[in-house]
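Numbering (this note's numbering), first residue to last: 124 to 236. All residues carry an ideal CB built from backbone N, CA and C; glycine is no exception. Each remark here refers to the structure printed beneath this line.
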Amino acid sequence: MVQKFRKKPVEIEAIQFNGNSNKQHVDKFVGKDLRSELESDTAYVAGKGAPIFSLLIETKEGIMKAFKGDWIIKEPFPTGDRDFYPCKSDIFKNTYDKVEPEDKNRKHARPFG
């Protein structure tokens, strides 16, 4: 028989990758120095902007790339091996609500964004 289920609310920890200048914060969050990969230097070469980098994150499904604006999420139930994964900003905003520090005991959240 087919039944319906509702996903239990789970709190997560995450940090947003801003393209390169907060890489040290992301590295500290995941507990290691992540490899980065040059995606494009066209704007840089033309003198119009910075090069575009991605971060390579080892996940349980393999290596995934995080780009500027993506969120790096810590698994809610970590196993100690590849416990982080990237999430696109629009998906993150539609999936998660920000938990306010003063609401720690009540687990009350407000919409993100």
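Proximity of the segment 129-137 to the segment 204-222 meets the contact definition, three or more beta-carbon pairs being nearer than 8 Å. Residue 188: member of the beta strand (DSSP E) spanning 185-189, first to last residue. DSSP places residue 212 in the uninterrupted alpha helix (DSSP H) bounded by 212-218.
Residue 141 and residue 158 have their C-alpha atoms some 15 Å from each other. Look at residue 133 here: in three-state DSSP terms it is coil, with no helix or strand label. In this structure, 197 is the residue among 177, 197, 173 and 217 with its C-alpha nearest to the C-alpha of residue 151. For residue 146, no beta strand (DSSP E) encloses it; the enclosing alpha helix (DSSP H) starts and ends at 146-153. Counted as a single uninterrupted DSSP element, the alpha helix (DSSP H) harbouring residue 165 occupies residues 165-168. DSSP lists 194 as the beta-bridge partner residues of residue 139. Your pair residue 149 and residue 214 does not check out as a contact, with CB atoms roughly 18 Å apart and the cut at 8 Å.
The beta carbon of residue 163 sits closer than 7 Å to those of 174 and 175, all from its chain and outside the five residues before and after it, given in chain order.
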